[in-house]
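As structure tokens, the structure follows; a few thoughts come after it.
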Amino acid sequence: MSAAPQERVIHDSRDAVSPGKAEAAVSTGDLPLLGDVEAALAGARSRYASDDSGQVADYIPALATEDPALFGLAVADVRGLVTYSGDSEHRFSIQSVSKAFVFALVDEALGHDTVRRAVGVNNTGLPFDSILAIELNRGSPVNPMVNAGALATTALVPGRDATEQWDFVREGLSRFAGRELELDERVYASESAANQRNESIARLLGSYGRLQGDPSEVTDVYTRQCSLAVSTRDLAVMGATLAAGGVNPLTGERVVDAAVCRDTLAALASSGMYERSGDWLYEVGMPGKSGVSGAVLTVSPGKAGLAVFSPRLDATGNSVRGQRATHYLSGALGLNLFASAPVNGRQG
Ligand code: GLU
0 MSAAPQERVI HDSRDAVSPG KAEAAVSTGD LPLLGDVEAA LAGARSRYAS DDSGQVADYI
60 PALATEDPAL FGLAVADVRG LVTYSGDSEH RFSIQSVSKA FVFALVDEAL GHDTVRRAVG
120 VNNTGLPFDS ILAIELNRGS PVNPMVNAGA LATTALVPGR DATEQWDFVR EGLSRFAGRE
180 LELDERVYAS ESAANQRNES IARLLGSYGR LQGDPSEVTD VYTRQCSLAV STRDLAVMGA
240 TLAAGGVNPL TGERVVDAAV CRDTLAALAS SGMYERSGDW LYEVGMPGKS GVSGAVLTVS
300 PGKAGLAVFS PRLDATGNSV RGQRATHYLS GALGLNLFAS APVNGRQG
């Protein structure tokens, strides 16, 4: 029997064993030993360093000046050990990878069901800045990892005004990274001057009553969050915090609840790699988030955060080397969530 349009068979959290909580049984494994992780990162780097396919993003003019040869890789495990290779300290703007962490902070502040109702968690199947996706879904922002859903999520950030909201976002993402993150002023100015499309998306959501607050102010806070400067190592630590039930493995600070990590990783699995999210899960088997500056962050729950940065992108906006290296590392480090080894059953 098929469900009527718009009817949800899986309702909020009514059927969950522990609604909004993550204290039910958790089962994960361990990362390979340090030497093996180091060898895998070095192997990924030498395998893909000569791949110069793809284009550096230029629709935000400041991004076009990035050195296309940059290639950084880092793994942060849930106990705080960070392994890295290449340009892992180079700073770049976080761009869309911020969407995962702002979503987590808003989920923590407002709760699982509220965020799901206000934003949604299904894939659009369309590009990250699609206006058509909003129209096809009658004004729904659809999911927090595309621009419409990210703008709707940022609009929900606690605060009396845009300044307080921005402080909340910057401080929250800094807690995920374990250090004070700062705005890349050059990227922020450049994106602000070329932001007509995001402004339009915010206004369209507003016209459907699906955006809280003033569209220009929401777009400004969103543009700031995308312009925070991070390194590949920072991203790996931010991912490791999501892998470690919300506790930053470097600082020991609890940033969000374990249930929020579960929600965030589910949203990433469905939509983190834009309209390629299905291919990504099929090939790589981990929740991931990419951004147009060239980062790919993936999370292996209970094990580690894995970040790769390289600025050349494919046509969907995902880093070419970032995808290839992550795919390789998922296999080399045994991170695919769907993989299992054959087990001898009961012998009778
Ligand atoms: N700030 C960028 C935008 O809104 C982020 C896009 C991305 O990284 O996918 O267009």
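Residue numbers for the sequence shown follow numbering that gives the first Met the number 0, so the first one is 0 and each next one is one higher. Backbone N, C-alpha and C fix where the C-beta goes; we use that ideal spot for every residue, glycine too.
Measuring alpha carbon to alpha carbon, tell me which of the options ends up nearest residue i.
| i | options | result |
| --- | --- | --- |
| E88 | D183, L69 and S95 | L69 |
| A63 | V291, S329 and A340 | V291 |
| S348 | T153, R116, P126 and S199 | The chain is shown from 0 up to 347; residue 348 falls before or after that span and cannot be answered. |
| D76 | P31, A132, Y187 and T123 | P31 |
| D29 | V55, G208, V217 and G304 | G304 |
| L150 | G212, N121, R137 and A176 | G212 |
| A176 | L312, N146 and L296 | L296 |
| G287 | A39, S95, G34 and A24 | S95 |
| N121 | S129, R137 and V141 | V141 |
| S26 | H111, R311, G208 and A243 | A243 |
| F308 | R320, G301 and T315 | R320 |
| Y327 | G34, A24 and R44 | R44 |
| V114 | D262, G124 and A294 | D262 |
| S84 | D128, E184, T218 and A48 | A48 |
| V156 | V220, T231, I130 and A24 | V220 |
| S191 | E181, L135 and E216 | E216 |
| G245 | A340, S269 and L172 | L172 |
| R323 | G71, L33, E65 and D35 | G71 |
| S129 | N197, L241 and A239 | N197 |
| V259 | S92, G42, R46 and G110 | G110 |
| W279 | N335, E179 and T240 | N335 |
| L180 | D35, A257, S92 and A294 | S92 |
| Q224 | A103, L203 and V168 | V168 |
| R232 | G79, V55 and R46 | G79 |
| R209 | T250, R159, G119 and S189 | G119 |
Closer than 7 Å to a non-hydrogen atom of ligand 1 - does that hold for the CB of residue i?
| i | result |
| --- | --- |
| G372 | Nothing can be reported for residue 372: it is not among the residues displayed for the chain, which extend from 0 to 347. |
| S299 | no |
| N343 | no |
| N142 | no |
| E190 | yes |
| N146 | yes |
| V291 | yes |
| S276 | no |
| N197 | yes |
| G316 | yes |
| C260 | no |
| D233 | no |
| D128 | yes |
| S95 | yes |
Could you tell me whether any Cβ in chain D is nearer than 8 Å to the Cβ of residue i?
| i | result |
| --- | --- |
| R115 | As a matter of chain content, chain D is missing from the structure shown, which is built from one protein chain. |
What does DSSP give as the partner residue(s) for residue i in the beta ladder?
| i | result |
| --- | --- |
| T82 | V74 |
| L296 | K288 and A306 |
| E181 | A228 |
| Q322 | The partner list for Q322 (beta bridge, DSSP) is empty, contrary to what the question assumes. |
| L203 | The partner list for L203 (beta bridge, DSSP) is empty, contrary to what the question assumes. |
| Q54 | L312 |
Within this structure, are the beta carbons of residue i and residue j separated by less than 8 Å?
| i | j | result |
| --- | --- | --- |
| P67 | D57 | no |
| E37 | V255 | no |
| F337 | G284 | yes |
| A306 | A39 | no |
| M144 | A265 | no |
| S402 | N317 | No information on residue 402 is available, as it lies outside the stretch 0 to 347 that the chain covers here. |
| A154 | A132 | no |
| E252 | L125 | no |
| V186 | A61 | yes |
| A235 | V81 | yes |
| S226 | D183 | yes |
| E65 | P310 | yes |
| G53 | D313 | yes |
| A193 | P214 | no |
| V105 | T152 | yes |
| R90 | A228 | yes |
Identify every run of the beta strand (DSSP E) within the stretch 215-288, keeping only runs that are complete inside it and at least 3 residues long; order them along the chain. 227-229
Counting only runs of 3+ residues fully inside the stretch 77-133, write out the beta strand (DSSP E) ranges in chain order. 81-85
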